Every structure is written in structure tokens, then in C-alpha cells.
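In full-length UniProt numbering, the protein residues as written are 1 to 212.
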Amino acid sequence: MFKLDDLLKKLGEFGPYQRRVFAITCTIVFFSSWVSMIPVFLAATVDHWCEVSLDSLSLTNRTPEWTPGCEQYGLSEEACALAQKEGSIPSNYTSDGELEYAQCEKYNVSGVGFWPGIDPSNYSSETMSCDSGWVWPPESARWLISVGKFDKAEKVITKVAEVNKAELQKPLFTKEFMVEQERIRKEHRPTGLDLIRTPRMRMRTINLVFIW
1 MFKLDDLLKK
11 LGEFGPYQRR
21 VFAITCTIVF
31 FSSWVSMIPV
41 FLAATVDHWC
51 EVSLDSLSLT
61 NRTPEWTPGC
71 EQYGLSEEAC
81 ALAQKEGSIP
91 SNYTSDGELE
101 YAQCEKYNVS
111 GVGFWPGIDP
121 SNYSSETMSC
131 DSGWVWPPES
141 ARWLISVGKF
151 DKAEKVITKV
161 AEVNKAELQK
171 PLFTKEFMVE
181 QERIRKEHRP
191 TGLDLIRTPR
201 MRMRTINLVF
211 IW
């Protein structure tokens, strides 16, 4: 009978691929932990505040005359900011009539200067995905199998095998294995109660809740 644990051992329990995912996860956690440390410095009571030069001046007075800006065209700072937002982020109205801005797309305005004469409501330009990108750790093969996504699970396992230089037999999942997993998935649907159903899982749940 095919067992996933045997396959994972062949891939390498902590090979180059696992170390790469571990490094990505640690990097994300390292920067996100700063949010938890910020109150230590921001919540302190200070005796004085350092004077910030030009802080009391308006944006118009702080901007050199030779710097192009909306103020030169008689527009307020708020109107300028809204126009720049409308001209750079695609938007659309929802079924409820609310204006919603795109989360992962932007107008391709590279090399295009801001011009107040452009009507944002009639503005059209090529859209592109946000070029900064996102780094996503891959889904767990065990989880993908548990929800019946065998094709995606096979891609993840194949990628791990390529990085770890491990040889695997094809096909990875037999028909009997997929039928058995489908039967298990239909017989038992995981719920929140599974987190406290067994002593070991209950202890892990309490521990994680306490840590976070």
C-alpha cells in the first residue's frame, strides 16, 4: 500500500528545498516580529519632542517653485492625491455601487508624467501586475492530497525532487491511493473541534494560542 510518509523520506527530510522554504519563512517572521516590538518604543512616555524643520509649512511652501505640482494648476493637495490615485490604480464599481480599487494590478504609467488635464473617469492605459511580486511558500503536499488536489500535489513533490536531486517513480499516486484518500475525505470532514479532540493536538493548540 502506498504511503505518503515513505515518499517524503525519499525526497529528503531536510534537503536544499526544505532549507530554502525554512529560510523564506524565517525572513518573513523576522520582519513581521518588528510589529510586536514597536509598542515597546512607541508606547513610552517622552519628556520632549525634537523639532522637525519646516513641519508647520504647507506642501506648497515646502515644494520648490521649479518642482511641477498640482498647486501650479490651482488644485488642492487632496484633489492632486486623488487624481494621482485614480490615474495609477485601476478601479471598478461593485454590485453594491461601491468603488473598489484593484489589489494586484496597476496602470503602466512608466515614463508618463502626471498631467492634471487627464480625466480619470475617461483614462485608459495598459494594466500590469504589481512588479514587486510576492514570495509564497508552497502548499503542503499532504494538505493538497487531503483536499483531493492530486495534480498540484504531484507538481510540488516533483519540484522538491528536482531541487533535492531525488529520483521518484511515476506515476506518484496510484488509482487505489486516490480512491482511498477520496473515501477518507468524504467520511471525515475536519472541523475546529479536531484541534482539541485528542490530548496531543489539544496540548499543541493550547501551546500555540499561549505563544501568539
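Every residue, glycine too, gets a C-beta built ideally from N, C-alpha and C.
Note that the structure is a prediction, hence the values are computed from the model and not measured.
Exercise for the section: Please classify residue 156: is it buried, with 16 or more other beta-carbons within 10 angstroms of its beta-carbon, or exposed? Expected result: Looking at its Cβ environment, which holds 16 or more other Cβ atoms inside 10 Å, residue 156 is buried.
Handout entry: Nearest-angstrom beta carbon gap, residue 202 and residue 196 [assumed within contact, 8 Å]
Key = 5 Å
Practice task
Can you have a look at residue 66 and say buried or exposed, based on whether 16 or more other CB atoms are within 10 angstroms of its CB?
Solution key: Here the model assigns residue 66 a pLDDT of 49, short of 50, so the residue's position is not dependable, and the following value carries that caveat. Answer is exposed; the Cβ neighbour count stays below 16.
Practice task
Label residue 160 either buried or exposed according to how many other C-beta atoms from any shown protein chain fall within 10 Å of its C-beta, with 16 as the threshold for buried.
Solution key: buried
Exercise for the section: Starting from the C-beta of residue 108, find all residues in its chain whose C-beta is less than 8 Å away, skip the five residues before and the five after it, and write them out in chain order. Expected result: 125, 126, 127, 128
Handout entry: Sub-8 Å separation of residue 146 and residue 185 beta-carbons
Key = Contact: yes.
Problem - Range covered by the beta strand (DSSP E) that runs through residue 91 - result: First-last of the beta strand (DSSP E) with residue 91: 91-93.
Handout entry: Simplified DSSP assignment, three categories, for residue 66
Key = With a pLDDT of 49 at residue 66, under the threshold of 50, the modelled position of that residue is not reliable, and the figure given next carries that caveat. Here residue 66 sits in coil by DSSP.
Practice task
Provide the residue(s) that pair with residue 106 in DSSP beta bridges, ordered along the chain.
Solution key: 128
Handout entry: DSSP-derived helix/strand/coil call for residue 99
Key = strand
Exercise for the section: Keeping to the same chain, check which residues put their C-beta closer than 6 Å to that of residue 173; ignore five residues upstream and five downstream. Expected result: 150
Problem - Assigned exposure category for residue 99 - 16 Cβ within 10 Å defines buried - result: exposed
Problem - Helix, strand or coil at residue 149 according to DSSP, with G and I counted as helix - result: coil
Exercise for the section: Would you mind sorting residue 210 into buried or exposed? The rule is 16 or more other CB atoms within 10 Å of its CB. Expected result: exposed
Exercise for the section: Output yes or no for whether 8 Å exceeds the beta carbon distance between residue 16 and residue 163. Expected result: yes
Handout entry: Contact under 8 Å by Cβ, residue 138 with residue 21
Key = yes
Practice task
Check whether the Cβ atoms of residue 166 and residue 10 sit closer than 8 Å, and answer yes or no.
Solution key: yes
Problem - Integer Cβ distance of residue 187 from residue 148, believed to fall under 8 Å - result: Going by Cβ atoms, the distance from residue 187 to residue 148 rounds to 13 Å, so no, they are not a contact pair.
Problem - Own chain residues within Cβ distance below 6 Å of residue 13, not counting five before or after - result: Annotation for residue 13: no residue places its beta carbon closer than 6 Å to its own, counting only its chain and skipping 5 residues before and after.
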